[in-house]
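Engineer:
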Amino acid sequence: MNKESMTINELLSLSSNVKTKSKSYDPRLIRHRRNRWVYKVGDYLVRLFVPKISYAVKKTLSPAELKNRTKIKDRNVYVSCTCGFWKWSGPDYNAFDNDYSERAHSDLTPPDVRDPDRENYLCKHSYAALKKFRRDVKFAE
Ligand SMILES: [Zn+2]
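Using the numbering used here, the first residue of the sequence shown is number 46, and each one after it goes up by one.
1. Given this structure, state the Cα-to-Cα distance separating Arg120 from Val158, to the nearest angstrom.
2. Only counting the same chain, and skipping five residues up and downstream in sequence, which positions put a Cβ closer than 7 Å to that of Asn54?
3. With respect to the alpha helix (DSSP H) encompassing Arg179, which residues constitute its N-terminal and C-terminal limits?
4. Where does Ile53 sit, in a helix, a strand or coil, going by DSSP?
5. For the candidate residues Pro155, Ala140 and Thr154, whose alpha-carbon lies nearest to that of Arg148?
6. For Asn80, collect the residues of the same chain with a Cβ closer than 7 Å to its Cβ; drop the 5 residues on either side in sequence, then sort them by chain order.
7. List in chain order the residues whose CB is within less than 6 Å of at least one heavy atom of ligand 1.
8. Among the residues of its own chain, which have a CB less than 7 Å from the CB of His150, if the five just before and after it don't count?
9. Kindly provide the ranges of any alpha helix (DSSP H) runs that are 4 or more residues long and lie completely inside the stretch 52-98, ordered along the chain.
10. Which one of Leu74, Asn62 and Ser50 has the shortest CA to CA distance from Val182?
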């Protein structure tokens, strides 16, 4: 695939493989500072980062356009989870390869055995956290 960045909606729609398993989780927001959010999901931490809209872009937009641009669902998001699936079964590598990695948790060896077709974009924890994030945080500048 190898594209630049991913929106929350794109990541969720590409990750139907973990949708059912994600439903048993109730993510808890434990930290929010500026454009970074940390959720505790089960035993793991999911970190989200949404880059701020730059001043150079902001000053070209009308108030209505700016409001539209701040919608969370269409923003690029950077994600990581501390679980083993994220680290070893594709998401860590795929996040790096498709530019949505919040930080690397592995040595980024290609997951040729566990995710040969590069289909694992999210783990069940990060899926649950992104759903809650999209529901609770509607806008961010
Ligand atoms: Zn996880």
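For every residue, glycine included, the Cβ atom is placed at its ideal position computed from N, Cα and C.
Structural biologist: Based on what the coordinates show:
1. 32 Å
2. Lys118 and Asp119
3. Lys169 to Asp181
4. helix
5. Ala140
6. Phe94, Val95, Pro96, Lys97 and Ala185
7. Tyr89, Cys126, Cys128, Phe130, Trp131, Cys168, His170 and Ser171
8. Ser125, Thr127, Trp131, Lys132 and Asp137
9. 53-58 and 64-67
10. Leu74
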